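K.L.:
To start, I am sharing the structure in question, which I have written as structure tokens.
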Amino acid sequence: MRRGNILILLTIFMLLFVAACSNDKENIETTSDPNKEPQTETEKEEQEKPKEPEKIEKEITISAIGDMLIHSQVYKDAKVAGGYDFTPMLDAVKPFLNSSTITIANQETMIGGESIGLSSYPRFNSPVEVGDALKDAGVDVVSIANNHTLDHGEEAIQQAIQHWETIDMMYTGAYRDQEDSNDIRVYETQEGISVAFLAYTYGTNGIPVPDGKDYLVNLIDRDNMAGAIEEAESKADVTILSLHFGNEYERLPSEEQKDLVQFAADHGVEVVLGHHPHVLQPVDWVEGESGNKTLVAYSLGNFLSGQDEFYRRIGGIMKFTIHKTIVGEEETIDVTSPKFVPTFVTYQDWRDYGVIPMYQLTNEQLPNAQEHYEEIKAHMSQWMPELEFIEK
28 MRRGNILILL TIFMLLFVAA CSNDKENIET TSDPNKEPQT ETEKEEQEKP
78 KEPEKIEKEI TISAIGDMLI HSQVYKDAKV AGGYDFTPML DAVKPFLNSS
128 TITIANQETM IGGESIGLSS YPRFNSPVEV GDALKDAGVD VVSIANNHTL
178 DHGEEAIQQA IQHWETIDMM YTGAYRDQED SNDIRVYETQ EGISVAFLAY
228 TYGTNGIPVP DGKDYLVNLI DRDNMAGAIE EAESKADVTI LSLHFGNEYE
278 RLPSEEQKDL VQFAADHGVE VVLGHHPHVL QPVDWVEGES GNKTLVAYSL
328 GNFLSGQDEF YRRIGGIMKF TIHKTIVGEE ETIDVTSPKF VPTFVTYQDW
378 RDYGVIPMYQ LTNEQLPNAQ EHYEEIKAHM SQWMPELEFI EK
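Encoded structure:
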């Protein structure tokens, strides 16, 4: 055989060998799992798609109460050997206060303590033990911007703040100094949701704020409030604004109250808590200019006070949920599930003061108790039919 023919045959043989090996490899790959079906085009596309980001959901609950307005008959009833004890007055409502992630109270009277003299209306100064009772009951934050903040001047404010700091209670609305005032109060929860607390009052009963000491009390000023709200919104998931406003003893909010709440909603505030009327005013949703919804309780009434007129003895515990959803880098905050517990201040002969959930009242404690309770529920929910009432 010619040499050329031999080379041709060898080349053909090598090509056939390589092809056979290649086929064997494909057969091995396709037959290694005899039960595995070949991938379809849809399956291939699904594998190539980027994975959806994980959805994370978090939730906290917040409770709020109205005015702690400590008249002399209340603190005299709390007198014990060596001091004052207000804790029994809150025993019946304690389970509702300490069951929330955060609870805020409006401490209307400064707790300047006995050293500067206790006093009642019209210029209040209360025992420091009021703060201890709130702490024991589960309160985490107090608003102290109101028309009685300056009743006993800077001394009472400074002594009150010293006690709030001693018992590790967050306070807002009145401050130790300018640096303290500049520090926006943000409560960081273990659940990973942060809440900013702001508080302002319409005035201080004509008592002037000392020159150069505006930090002693936050007065309602829309420019200042807009800046603080913007800072709070940048630092926290949620902003809760306490407003001391409205007309005393009126059961419906004034147009001025509504206008100020609208201002807050337009600036992105999630929740507004109202104080000062000393009677309950309804709960509502207010829509902001960006389509956001703001939860408002126009007035939470008196929680504990010595006032004896019927509606001034009624307050309540407002409760709601903050829901945070995280998808990738996107976060969404929703205020949901508003609930309410109407409360009533009981006493006998100006003694034995106590705050009782209205649904627990007997006819001995309040004649026609159930009828009054139903009337308060209708009053509070007239603009929010979905408002739930806690009864256990």
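Just so you know, we're using my numbering here: the sequence shown kicks off at 28 and counts up by one.
Don't be surprised by glycine CBs; every beta carbon is placed ideally from N, CA and C.
Please read these numbers as outputs of a predicted model, since none were measured by experiment.
#1: Let me confirm a value: THR136 is counted as buried when at least 16 other C-beta atoms fall within 10 Å, else exposed. Which label applies?
#2: Here's a check: name, in chain order, each residue in its chain whose Cβ is nearer than 6 Å to the Cβ of VAL359, leaving out the five neighbours to either side.
#3: Nearer than 8 Å: is that true of the beta carbon of GLY233 relative to any heavy atom of the ligand FMN?
#4: Can you tell me where the beta strand (DSSP E) with PHE371 in it begins and where it stops?
#5: Starting from the Cα of SER26, find the closest Cα among ASP204, HIS294, THR128 and give me that residue.
#6: Taking its Cβ as the centre, do 16 or more other Cβ atoms sit within 10 Å of SER142, making it buried, or is it exposed?
#7: Going along the chain, which residues of its own chain have a beta-carbon closer than 7 Å to the beta-carbon of VAL299, five neighbours each way excluded?
#8: Just the Cα atoms here: how many angstroms apart are SER408 and ASN174?
#9: Give every residue of the same chain whose Cβ lies closer than 8 Å to the Cβ of ASP204, excluding the five residues on either side of it in the sequence, and list them in chain order.
#10: In the DSSP assignment, what residue or residues form a beta bridge with SER90?
#11: For the candidate residues GLY93, LEU117, GLY233, whose alpha-carbon lies nearest to that of ILE171?
#12: If you count every other CB in all the chains shown that lies within 10 Å of the CB of ILE83, and 16 or more means buried, which is it?
#13: For the pair the stretch 149-161 and the stretch 97-115, tell me if three or more CB-CB distances fall below 8 Å.
#14: If we count Cβ pairs, one from each stretch, closer than 8 Å, do we get three or more for the stretch 175-194 versus the stretch 208-217?
#15: Buried or exposed, going by whether 16 or more other CB atoms sit within 10 Å of the CB of PRO176?
#16: With LEU287 as the anchor, note down where its alpha helix (DSSP H) starts and where it stops.
#17: Check CYS48 in the structure and name its three-state DSSP category.
#18: Reducing DSSP to helix, strand and coil, say where GLY219 ends up.
#19: By alpha-carbon positions, which one of TYR276, HIS98, VAL107 ends up nearest to LEU145?
P.N.:
Taking the geometry as given:
#1: buried
#2: Note that residue 359 is Thr in the sequence shown, not Val. So the list reads THR352, once near-sequence residues are dropped.
#3: Because no ligand of any kind appears in the structure shown, any question about the ligand FMN cannot be addressed here.
#4: Per DSSP, PHE371 belongs to the beta strand (DSSP E) from 357-375.
#5: In the structure as shown, the chain starts at 28 and stops at 419, and residue 26 therefore has no counterpart that could be examined.
#6: exposed
#7: LEU268, LEU270, VAL288, ALA291, THR321, VAL323
#8: Note on geometry: alpha-carbon atoms of SER408 and ASN174 lie some 28 Å from one another.
#9: TYR242
#10: As computed with DSSP, SER90 is found in a beta bridge with THR130, LYS346.
#11: GLY93
#12: Burial check for ILE83: the Cβ neighbour count within 10 Å stays below 16, so the residue is exposed.
#13: yes
#14: no
#15: It should be noted that the sequence gives Thr, not Pro, for residue 176. Its Cβ being crowded by 16 or more others within 10 Å, THR176 is buried.
#16: 282-293
#17: Confidence at CYS48 is low in this model, with a pLDDT of 45, below 50, so the placement of that residue should be treated as unreliable; the coordinate-derived value is given next. Annotated three-state conformation of CYS48 is helix, per DSSP.
#18: Here GLY219 sits in coil by DSSP.
#19: Restricting attention to TYR276, HIS98, VAL107, the CA atom closest to the CA of LEU145 is found in HIS98.
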